[in-house]
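Chains as they are written, first to last, in the numbering used here: chain A, 1 to 190; chain B, 191 to 380; chain C, 381 to 570; chain D, 571 to 760.
Where is the CB? At the ideal position from N, CA and C, for every residue including glycine.
4 protein chains.
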Amino acid sequence: MKNGKATKTRISRAALALFVEKGVAETTVRDIAAAADVAEGTLYRHFTGKDELAWELYATNFAAFAGELDRRQREKDKLAGKLGVMVQHFCTFFDQDPVLFSYLLLAQHDFLKRVPPDMPNPVDLVHQVIWRAMASGELHPGDAAAAAAMVLGIVLQSAVFKIYGRITTSLSSLSDTLTSACLRVLKAED
Amino acid sequence: MKNGKATKTRISRAALALFVEKGVAETTVRDIAAAADVAEGTLYRHFTGKDELAWELYATNFAAFAGELDRRQREKDKLAGKLGVMVQHFCTFFDQDPVLFSYLLLAQHDFLKRVPPDMPNPVDLVHQVIWRAMASGELHPGDAAAAAAMVLGIVLQSAVFKIYGRITTSLSSLSDTLTSACLRVLKAED
Amino acid sequence: MKNGKATKTRISRAALALFVEKGVAETTVRDIAAAADVAEGTLYRHFTGKDELAWELYATNFAAFAGELDRRQREKDKLAGKLGVMVQHFCTFFDQDPVLFSYLLLAQHDFLKRVPPDMPNPVDLVHQVIWRAMASGELHPGDAAAAAAMVLGIVLQSAVFKIYGRITTSLSSLSDTLTSACLRVLKAED
Amino acid sequence: MKNGKATKTRISRAALALFVEKGVAETTVRDIAAAADVAEGTLYRHFTGKDELAWELYATNFAAFAGELDRRQREKDKLAGKLGVMVQHFCTFFDQDPVLFSYLLLAQHDFLKRVPPDMPNPVDLVHQVIWRAMASGELHPGDAAAAAAMVLGIVLQSAVFKIYGRITTSLSSLSDTLTSACLRVLKAED
DNA sequence: AATGAATGAGTGTTCATTCAT
DNA sequence: GATGAATGAACACTCATTCAT
Chain A
1 MKNGKATKTR ISRAALALFV EKGVAETTVR DIAAAADVAE GTLYRHFTGK
51 DELAWELYAT NFAAFAGELD RRQREKDKLA GKLGVMVQHF CTFFDQDPVL
101 FSYLLLAQHD FLKRVPPDMP NPVDLVHQVI WRAMASGELH PGDAAAAAAM
151 VLGIVLQSAV FKIYGRITTS LSSLSDTLTS ACLRVLKAED
Chain B
191 MKNGKATKTR ISRAALALFV EKGVAETTVR DIAAAADVAE GTLYRHFTGK
241 DELAWELYAT NFAAFAGELD RRQREKDKLA GKLGVMVQHF CTFFDQDPVL
291 FSYLLLAQHD FLKRVPPDMP NPVDLVHQVI WRAMASGELH PGDAAAAAAM
341 VLGIVLQSAV FKIYGRITTS LSSLSDTLTS ACLRVLKAED
Chain C
381 MKNGKATKTR ISRAALALFV EKGVAETTVR DIAAAADVAE GTLYRHFTGK
431 DELAWELYAT NFAAFAGELD RRQREKDKLA GKLGVMVQHF CTFFDQDPVL
481 FSYLLLAQHD FLKRVPPDMP NPVDLVHQVI WRAMASGELH PGDAAAAAAM
531 VLGIVLQSAV FKIYGRITTS LSSLSDTLTS ACLRVLKAED
Chain D
571 MKNGKATKTR ISRAALALFV EKGVAETTVR DIAAAADVAE GTLYRHFTGK
621 DELAWELYAT NFAAFAGELD RRQREKDKLA GKLGVMVQHF CTFFDQDPVL
671 FSYLLLAQHD FLKRVPPDMP NPVDLVHQVI WRAMASGELH PGDAAAAAAM
721 VLGIVLQSAV FKIYGRITTS LSSLSDTLTS ACLRVLKAED
């Protein structure tokens with residue numbers, strides 16, 4: 001009773017690591033239970049089932065990350081500042097919890113279509129920030145979606161390279177490089 | 191009963207579409223057989239099993255795409271030209287066979303670790319092109335891996351946006367935009 | 381058309397060898413076809429199916445062996461003579477075609493219950509020879525079935541030992557030993 | 571749901587009966603599960619698979635039978651005594667569990683080659699007992715393997731006749747007859 | 001809250017058999 | 001006669017989920 005919360009967390013972390021390592025479909029409930037050192041049935045006291053566990057892991061952290069991103073972005077006035085703190089937070093988040101970041105990155109193709117439109121969402125957020133900069137005249141008008149794709153691509157593909165060991169430094173140490181690359185892509189003033 | 195090659199192709203295309211739509215693990219051999227309008231057992235006359243089918247689909251097309259990319263890049267002397275034709279081929283390939291491109295994009299996390307080092311590989315190719323431009327002084331020296339990540343990210347995330355309907359124009363129509371964005375990121379002359 | 385018979389024989393011998401080596405159930409039609417160097421479908425020109433092939437192989441040779449045994453036994457008047465030629469023929473048959481003998485021995489548990497009562501049968505024959513010897517007073521009366529079991533056991537288990545390499549001499553060279561053992565078991569005069 | 575051991579036993583007995591009745595290859599896991607009144611999956615909680623089940627059933631009982639045979643044989647000094655208790659135990663074992671005995675008898679051709687050399691083994695045991703009697707001069711020297719084959723054949727073929735209904739009395743009631751037949755075959759003193 | 005034996009629908013795969021060539 | 005691609009029922013086995021303890 002006392003460690004009900006701790007058990008749930010242990011299951012979550014064990015599942016997360018396995019999902020990233022082997023994929024959701026290839027991870028069995030037995031794998032998770034063994035890694036979390038609980039019985040198989042225990043998982044069902046905390047989650048409806050494996051699918052809900054995978055989804056909760058995704059949705060909760062995806063929205064939380066988007067929320068934090070938004071909070072930081074709001075504190076800046078100009079596009080360069082907003083982009084700077086957002087890129088920085090992407091990098092910091094990755095470096096602090098690469099497994100969770102990887103899960104969010106790799107599981108998106110399974111879950112993105114299930115994200116409700118009102119759920120805070122890093123992709124929408126970047127899109128909006130760029131769109132508003134175009135609307136306000138801060139950025140010359142153009143295809144905001146295409147611009148958002150490029151900006152996100154710069155950051156996310158760097159994370160992918162880090163995951164696969166092609167980039168060996170911390171992502172945070174690349175933060176400024178990535179930010180200025182994004183600004184150059186947008187033809188924005190630094 | 192006569193046309194062994196056509197049957198194999200029908201199975202491949204049916205599998206490809208389902209793999210992209212539902213994921214490899216979520217697609218059953220029965221699904222594939224039904225979509226290809228053959229009996230389940232027929233699949234095993236052409237492939238060792240479901241895994242080999244998924245892998246062959248990946249490896250063959252991944253290597254072929256890398257080969258074609260390389261062929262085009264070799265015909266240009268300067269970085270801007272090389273990058274231009276490569277980006278263009280990414281876009282053309284996507285527009286001509288979005289399902290296949292999606293599979294290559296989405297399945298990479300399952301298969302990339304299985305790719306042998308000597309297999310032609312678009313990621314390595316972009317990396318090499320940039321590395322050589324740095325070595326030859328055409329590009330100011332820097333982290334070639336990070337640069338490759340950004341360039342690839344610009345193109346691939348655009349494809350992802352296209353897949354998810356966030357970008358509605360053809361990818362080819364964005365080709366020049368993407369190319370110049372890549373060059374700006376690399377701080378290269380157009 | 382000309383080698384129709386030869387093809388059937390090739391299939392039979394290939395099947396026989398595989399049936400003995402791996403068992404009937406573990407041998408596939410594809411195995412047989414490959415070993416006989418014909419296409420899978422060809423087997424069905426000569427046999428109704430795998431089961432019929434296995435049965436024909438058993439029944440034909442089982443009955444033929446029983447017939448030959450009977451023919452030889454008839455030429456002798458007394459029990460010792462009858463037993464002698466029968467044991468000798470068991471041994472000769474084994475040595476001439478150990479694979480076929482093994483099949484008859486090992487497949488009996490699959491097929492014995494399918495043997496029709498009127499089919500010539502080595503087991504019945506031995507039983508009858510002993511029963512008649514008891515009836516005629518040549519052998520002191522007793523349980524003819526039990527006596528037949530012991531006599532058959534002496535011969536057949538020697539064959540099993542030979543198959544498994546526990547006995548290394550030819551079975552024929554043991555023929556006299558086995559015969560006199562059978563007579564001693566029956567308490568008969570040599 | 572509580573009694574894991576009882577379930578395993580129920581599965582074992584159901585499998586044993588079916589294996590003897592229809593053969594291992596012809597018995598499906600569904601057959602076994604239905605006969606044991608458990609779900610198919612339950613079998614895999616207790617055994618690695620069908621093959622391991624068939625093997626465990628064989629190996630365990632084969633070794634246990636050999637062990638018991640050896641224990642009894644050791645308590646006798648002379649060959650006649652040893653042979654007597656061994657034959658008696660063969661008969662008793664058969665009468666007490668004809669299904670298990672049949673399995674051991676019929677499955678030997680599938681499994682004998684898999685028996686490790688150090689596993690207690692009735693065939694080796696009989697061979698050794700006879701070999702030692704020859705070495706000690708208790709039995710006139712000769713081919714111990716051939717002698718063992720004949721002795722085993724007398725007993726085992728009687729069991730086969732009993733299985734097929736050719737012998738209708740209990741095997742135990744034949745024990746003395748079989749023992750003295752064995753001794754006569756060996757030309758040993760009773 | 002935790003357990004883990006039991007479940008059974010669903011999966012990938014095999015293989016005897018058919019039939020157009 | 002001979003072929004071998006195609007078939008599809010049947011198989012061994014997996015695993016998310018349930019529930020008595």
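Item                                                                                                                                                                                        : Value
For residue 161(A), return the contacting residues in chain B, with the cut-off set at a CB-CB distance below 7 Å.                                                                          : 335 and 339
Any beta-carbon of chain D closer than 8 Å to the one on residue 443(C)?                                                                                                                    : no
Going by beta-carbon coordinates alone, are residue 394(C) and residue 419(C) separated by less than 8 Å?                                                                                   : no
Could you tell me the distance, in whole angstroms, from the CA atom of residue 234(B) to the CA atom of residue 181(A)?                                                                    : 49 Å
Express the C-alpha separation of residue 647(D) and residue 498(C) in angstroms, rounding to a whole number.                                                                               : 49 Å
Once the 5 residues before and after residue 282(B) are set aside, which same chain residues still bring their CB inside 7 Å of it?                                                         : 362
May I have the straight-line CA-CA distance separating residue 616(D) from residue 582(D), to the nearest angstrom?                                                                         : 10 Å
When the Cα atoms are used, what is the spatial distance from residue 708(D) to residue 568(C)?                                                                                             : 25 Å
Would you mind reading off the limits of the alpha helix (DSSP H) that contains residue 432(C)?                                                                                             : 430–454
Find the residues of chain B that neighbour residue 100(A), judging by a C-beta separation of less than 8 Å, and give them in chain order.                                                  : Under the 8 Å cutoff, chain B gives no residues; its nearest Cβ is about 16 Å from residue 100(A).
So, helix, strand or coil for residue 688(D), using DSSP?                                                                                                                                   : coil
For residue 466(C), which option in 565(C), 531(C), 408(C) and 544(C) has the closest C-alpha, if you only look at C-alpha atoms?                                                           : 531(C)
Assuming the contact rule is C-beta atoms closer than 8 Å, residue 198(B) and residue 219(B) should be a hit. Round their C-beta distance to whole Å, please.                               : Contact flag wrong, Cβ pair sits at about 15 Å.
How should residue 127(A) be labelled, buried or exposed, when 16 other C-beta atoms within 10 angstroms of its C-beta is the threshold for buried?                                         : buried
For residue 26(A), does the three-state DSSP call read helix, strand or coil?                                                                                                               : coil
For residue 28(A), would you say it is in contact with chain B, using Cβ-to-Cβ distances shorter than 8 Å as the test?                                                                      : no
How would you list, in chain order, the residues of chain D whose beta-carbon sits under 7 Å from the beta-carbon of residue 434(C)?                                                        : Chain D residues near residue 434(C): none, gap ~12 Å exceeds 7 Å.
Measuring CB to CB, does residue 588(D) end up less than 8 Å from residue 631(D)?                                                                                                           : no
Take the Cβ of residue 680(D) as the centre, count every other Cβ of all protein chains shown within 10 Å, and call the residue buried at 16 or more, exposed below.                        : buried
What in chain C is Cβ-close to residue 766(D), meaning under 7 Å?                                                                                                                           : The requested residue 766(D) is not part of the displayed model; chain D covers only 571 to 760.
Kindly list the residues whose CB is nearer than 6 Å to the CB of residue 542(C), restricted to its own chain and excluding five residues on each side of it in sequence; keep chain order. : 551
Please tell me whether residue 644(D) has its Cβ less than 8 Å away from any Cβ of chain C.                                                                                                 : no
Sort 526(C), 555(C) and 450(C) by Cα distance to residue 539(C) and report the nearest one.                                                                                                 : 555(C)
So residue 723(D) packs on residue 533(C), CB below 8 Å; how close in whole Å?                                                                                                              : 3 Å
Is there at least one Cβ from chain C nearer than 8 Å to residue 728(D)'s Cβ?                                                                                                               : yes
For my contact list, residue 529(C) and residue 510(C) are in at a C-beta cut-off of 8 Å; report their separation, rounded to the angstrom.                                                 : 10 Å between Cβ atoms; not a contact.
Considering Cα atoms alone, identify which of 492(C), 384(C) and 479(C) is closest to residue 735(D).                                                                                       : 492(C)
Which residue comes first and which comes last in the alpha helix (DSSP H) that contains residue 610(D)?                                                                                    : 610–616
Compare the C-beta of residue 650(D) with all C-beta atoms of chain C and state if any pair is closer than 8 Å.                                                                             : no
Does the separation of the CB atoms of residue 446(C) and residue 501(C) fall below 8 Å?                                                                                                    : yes
If you check the beta carbons only, do residue 155(A) and residue 102(A) fall under 8 Å apart?                                                                                              : no
Against residue 181(A), what residues of chain B qualify as contacts under a CB-to-CB distance less than 7 Å, listed in chain order?                                                        : 340 and 375
Please list the residues of the region 384–403 of chain C that have a C-beta atom closer than 8 Å to any C-beta atom in chain D, keeping them in chain order.                               : 403
Is residue 278(B) near residue 272(B), with beta carbons less than 8 Å apart?                                                                                                               : no
What does residue 49(A) reach in chain B if we use C-beta pairs closer than 7 Å?                                                                                                            : Under the 7 Å cutoff, chain B gives no residues; its nearest Cβ is about 16 Å from residue 49(A).
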